[in-house]
Amino acid sequence: MEGRGSRQATDALPHPALQEPRPLRKVNLTTSGPDMPNQLTIRDTIPMSSNRTQPHLSAVALTKSYIKGEIQVPVLRGVDVSVERGEFISIVGQSGCGKSTMMHVLGLLDSPDIGEVRLNGERIDDLPLGTRDELRNHVFGFVFQFYHLLPELTLLENVLTPLMIRHTAWEYFKRRGEFRETATEIINRVGLSHRLKHRPSELSGGEMQRAAIARSLISKPEVLLADEPTGNLDATTGAEIMGLLQRLNEDEQLTIIMVTHDGVIADQAKRIVRLSEGRIQTLEEAA
Amino acid sequence: MYKLLLSSRYLRTRFIALASIISVMLGVATLIVVNSVMTGFRYEMRDRLHSLISDVVIESRSTDGASNPELLEQYVWEVAGEYVEAVAPTVEIYGMLTFELGVGSRNKEYAHCPVTIIGIDPEQQDAVSPLRVHLVGRQPETDDEGNVIAPPLFPADSPLNWELSDDAKQYRADWLYIQSLREMAYGGSQPEQPFYEAPASEADSVAYAEPDPFGQSESIRTAELTPDARTGGATAPSTFDPTGGEPASELFGNDPIKARDPDEPFPARVYVGQNLIAYPFKNEETGKTEMRPLVLPGEDVHISTIKTGLPEPARFTATVVDVFRSGMSEFDSNFVFCPIDELQKVRGMMDPSSGQGDVTMLKIKLKDYDDAAIVVERLQAATDKFAPHKFNIYTWEQKRAPLLQAVEIEAAILNVLLFLIIAVAGFGILAIFYMIVVEKTRDIGILKALGATSQGVMSIFLTYGLSLGVVGSGVGVVLGLLFVHYINEIEGAISWLTGRKVFDDTIYYFKDIPTEVSPWMVIWVALGAMAIAVLASVLPARRAARLHPVRALRYE
């Protein structure tokens, strides 16, 4: 893949405020597959994903602070990162250095105070709320440290949740057979086909994390955001999960951004971004 | 889709939701039961009120009445003929009913009751408002379970008239015989000429047969009459002296000079309201309260009222033909029906030359009661025919407006109060939902991370509230309808458990608790409950929708 490897943290782009507004286009998402509709027209604009000249996902001068009481606590102090298509990078740093916040901002769960998030070169952090919700559903897949499965639903239903969110009840009802097949296939791939009807409380930690990965894959995301995916697992199970992520990265060219504080885990990524006190410390090629 | 799935899951897995469902359910069930019973009572009461007041009434403002009823009747047909089914001229006047308490003492004891005397033609009256169904002698005798144990005293299809039944004739013969025995024992009056007798002599003190006041309750139909219980009554007329020099023939319509056959009933006959001539008695053996008669058909009673013009008393003696029982105590303790011509004669309303009597009232039955307002309007507009200063025209509802309105207002207030029960349930839902939202904060964050919109999250909780409302009101409707259906059985069970009669049929005159389920009422109650459940979930749902995804995800 082009552009893989070490890059300068800051692109040579002018400051966002100086940039000319890019014409926004109505586009088709290329989340096409044989069993998925490839004509997903979204109300508002979604940046084109086929733009090869731009990094897949990039952050420009991200600044974010939280207000605790009356004190403003800066978390991110101007972070610039860009990730190429099919790249697997890990963000490491100490607790409280802002790596989770950065991931949330990249995944549009939070918005930066200053700075931009760009997908294929298009600014996405200032899109309307509804469009950002749709982008989260279509483009990003999330995996969390505490799995975050819905306790009321079975594994299969948990995996299907993004599709339920995406489609109206009637649409979903009409195509539920098809969706169910896709979900079963993905669950097979993460090796949980014997657990379809089980509730999360009946699964082990590793199984829950695999279920969470399956859930993030069902929407055919372009970018997988993993927040300490092995943080709650023992070394063996953690290694299994990492193996799964690596396979996904290699086999499907899935862009993966992983946050971790564990150096061993981080080393399995292709590139490591070190965050310290809200700033990029080093960028290095993984061993 | 996830909204439906999640809200149905929350419904099934949260026991706290059951509390909200039960509170909604109880509220709905209570509303339906209370409404059904209230409506049932109201309908029953309206039926009974209406049964004796015809649809529309033209009443002369003067108690002296209006002349030429035939012409008035013709006017009615002219003005609103297309709506009118039947017209009955009547004379209504207040008066007093006097009868002798049947205690076999030498001193006569009289009971006087204020009454409304209604002069009618029975068939005409029956055409404008049901009369036949309220006459005891026209109904078959039934036991407590409603099984017929004796046929009616009159054949079912016989026209309404003022003839005595065979049983009553038989009883009258016995009763007169006892009277004559009494006369012999105490000496005095001659029953042949009742109106001209001096008051019964109260001379000797020969104890007459021991009376058995309760023996009267034995139905005369069993023919086991207990005449000893009924002493002295036929002589009662003797207490009435004709007024002044007025010729008695004019007054009473019967010729006092001619010796009357004592067995022959008086030409004036009456149907008397049951409560006037009977009293409730609690039978210790059966534990039931029954009405025991003081006067039975075949006996004579005395009626006093006023003549036309300046008030002067008018009195006459009449033979009781039948007992009138409508179930409305107001009517049963007030109404005395007598032949219209007799009343007209006694009151001097009859023109002796033409035989035309004045009437105080025209009772009108409509083909369809819904037209009543139009008919009243038209009749009121025809001022040349019914001068407003002479006639008062109203529907039965207008006549009964204060009572009907009071009942309506009572029902409305009760409904508001009961709806507050559901509102309380709504606040319960509000509190429970707030708790659930707090408990589900992380799940809300997950859903938002997966791309759920704020509206989507909000609608999870709105759907949840709606489904609570739907389930609660659905179960409540079923429960309420079942309760209404089996209300008499439930009443029986509660009475048995507490040992106290919850629903005393002697107070209410109903054998069973009347209920009336109106489908619209059920629908409104159910919809109202659902609306309250949804409204109560709006605030928690908004809170859920406004949760920041990151903060929600980090929520511990």
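For the protein sequence lines, the chains are B and D, in the order given.
Per the working numbering, residue 1247 is the first one in the first sequence, and the count goes up by one each step.
Per the working numbering, residue 197 is the first one in the second sequence, and the count goes up by one each step.
Every residue gets a Cβ at the ideal spot worked out from N, C-alpha and C, and that includes glycine.
Any idea what DSSP makes of Glu393 of chain D, helix, strand or coil? With a pLDDT of 36 at Glu393 of chain D, under the threshold of 50, the modelled position of this residue cannot be trusted; read the value that follows with caution. The answer is coil: DSSP assigns Glu393 of chain D none of H, G, I, E or B.
Helix, strand or coil: how does DSSP classify Tyr373 of chain D here? Correct three-state label for Tyr373 of chain D: helix.
The segment 525-537 of chain D in contact with the segment 314-322 of chain D per 3-pair CB rule at 8 angstroms: By the Cβ test, the segment 525-537 of chain D is in contact with the segment 314-322 of chain D, since at least three Cβ pairs between them sit closer than 8 angstroms.
Give the secondary structure of Arg1369 of chain B by DSSP, where H, G and I count as helix, E and B as strand, and everything else as coil. Secondary structure of Arg1369 of chain B (DSSP, three-state): strand.
In the DSSP assignment, find the beta strand (DSSP E) that holds Ala510 of chain D and state where it starts and stops. Here the beta strand (DSSP E) through Ala510 of chain D covers 509-520.
Going by DSSP, what residues sit across from Cys309 of chain D in a beta bridge? Per DSSP, the beta bridge partners of Cys309 of chain D are D:Leu293.
How long is the line joining the alpha carbons of Glu442 of chain D and Gly469 of chain D, rounded to whole angstroms? Confidence at Glu442 of chain D is low in this model, with a pLDDT of 41, below 50, so the placement of that residue should be treated as unreliable; the coordinate-derived value is given next. Their backbone Cα atoms lie some 31 angstroms apart in a straight line.
In chain B, which residues lie with their C-beta within 9 angstroms of the C-beta of Ile642 of chain D? Chain B residues near Ile642 of chain D: Phe1388, Phe1390, His1394, Leu1395, Leu1396, Thr1407.
Euclidean distance between Cα positions of Leu677 of chain D and Gly1376 of chain B: Each residue's Cα considered, the two are about 46 angstroms apart.
Quick one: is Pro736 of chain D near chain B, going by C-beta distance under 8 angstroms? No, no contact with chain B.
So that I know if they touch, is there some Cβ in chain C lying closer than 8 angstroms to that of His1350 of chain B? Absent from the structure: chain C. Protein chains present are B and D.
Chain D residues whose Cβ lies nearer than 7 angstroms to that of Gly1376 of chain B: By Cβ distance, chain D contributes Thr649.
When we look at the beta-carbon of Phe1419 of chain B and count the other beta-carbons within 10 Å, is it buried (16 or more) or exposed? When all chains shown are included, Phe1419 of chain B counts as exposed.
Give the secondary structure of Ser250 of chain D by DSSP, where H, G and I count as helix, E and B as strand, and everything else as coil. It is coil, neither helix nor strand.
For the alpha helix (DSSP H) holding Glu278 of chain D, just list the boundary residues, first then last. The continuous stretches of alpha helix (DSSP H) do not include Glu278 of chain D, and DSSP gives it neither H nor E.
Select from the segment 622-639 of chain D all residues with a C-beta closer than 8 angstroms to any C-beta belonging to chain B, and list them in chain order. Contact annotation: in the segment 622-639 of chain D, residues whose CB is within less than 8 angstroms of a CB in chain B are Arg638, Asp639.
Using only the alpha-carbon positions, how far apart do Ile763 of chain D and Val220 of chain D sit? In the structure displayed, chain D extends from 197 to 752; residue 763 of chain D sits before or after that span and is not available.
Would you mind sorting Gly1315 of chain B into buried or exposed? The rule is 16 or more other CB atoms within 10 Å of its CB. Gly1315 of chain B counts as exposed, since fewer than 16 other C-beta atoms from the protein chains shown sit within 10 angstroms of its C-beta.
Does any residue of chain B have a CB that is nearer than 8 angstroms to the CB of Arg739 of chain D? No - not a single Cβ of chain B is within 8 angstroms of the one on Arg739 of chain D.
With DSSP run on the structure shown, which of helix, strand or coil describes Lys1466 of chain B? When secondary structure is reduced to three states using DSSP, Lys1466 of chain B falls in the coil class, being assigned neither helix nor strand.
Check the C-beta distance from Asp554 of chain D over to Gln540 of chain D and give it rounded, since I have them as a contact under 8 angstroms. 7 angstroms between Cβ atoms; contact.
Simplified DSSP assignment, three categories, for Leu207 of chain D: Residue state, collapsed to three classes: helix.
Excluding sequence positions up to five away, which residues of its chain have a Cβ less than 8 angstroms from the Cβ of Leu658 of chain D? Scanning its chain for C-beta atoms nearer than 8 angstroms, with the 5 sequence neighbours on each side dropped, one finds around Leu658 of chain D the residues Val730, Ser733, Val734, Ala737, in chain order.
Please report whether the beta-carbon of Asn1383 of chain B lies at a distance below 8 angstroms from any beta-carbon of chain D. It does; some Cβ of chain D falls within 8 angstroms.
Segment contact, 8 angstroms Cβ cut-off, at least three pairs: the segment 1414-1434 of chain B with the segment 1356-1370 of chain B: No: the two stretches stay apart, fewer than three of their Cβ pairs being nearer than 8 angstroms.
Leaving out five residues before and five after Asn588 of chain D in sequence, what residues of the same chain have Cβ atoms less than 7 angstroms from its Cβ? Same-chain partners within the cutoff: Glu255, Arg257.
For Pro507 of chain D, tell me which candidate among D:Ile640, D:Met487, D:Gly652, D:Arg543 has the shortest Cα-Cα distance. Of the candidates D:Ile640, D:Met487, D:Gly652, D:Arg543, the one whose C-alpha sits nearest the C-alpha of Pro507 of chain D is D:Arg543.
Alpha-carbon spacing of Phe1390 of chain B relative to Asn1495 of chain B, whole angstroms: In a straight line, the C-alpha of Phe1390 of chain B is about 18 angstroms away from that of Asn1495 of chain B.
Opposite Ile1502 of chain B in the DSSP bridges: which residues? B:Phe1334, B:Leu1470, per the DSSP bridge assignment.
Can Val1327 of chain B and Ala1305 of chain B be called in contact, C-beta distance under 8 angstroms? Ala1305 of chain B is positioned such that its CB atom lies closer than 8 angstroms to that of Val1327 of chain B.
Under 9 angstroms by beta carbon: chain B residues contacting Gly652 of chain D: Neighbourhood of Gly652 of chain D in chain B, by CB distance below 9 angstroms: Asp1379, Ile1411, in chain order.
Kindly indicate which residue of B:Leu1521, B:Ala1485, B:Leu1463, B:Ala1458 has the alpha-carbon position closest to the one of Val1238 of chain B. In this structure chain B extends from 1247 to 1533, so residue 1238 of chain B is not present and cannot be described.
Backbone CA spacing between Leu662 of chain D and Gln651 of chain D [nearest angstrom]: So the two alpha carbons sit approximately 16 angstroms from each other.
Scan the segment 1354-1367 of chain B for residues whose Cβ lies nearer than 8 angstroms to a Cβ of chain D and list them as they occur along the chain. From the segment 1354-1367 of chain B, only Leu1355, Asp1356 have a Cβ closer than 8 angstroms to chain D.
Any chain B beta carbon closer than 8 angstroms to Leu743 of chain D: With a threshold of 8 angstroms between beta carbons, Leu743 of chain D makes no contact with chain B.
Can you name, in chain order, every residue of its own chain whose Cβ lies under 6 angstroms from the Cβ of Val603 of chain D, other than the five neighbours on each side? Closer than 6 angstroms at the Cβ level, and outside the excluded window around Val603 of chain D, lie Arg238.
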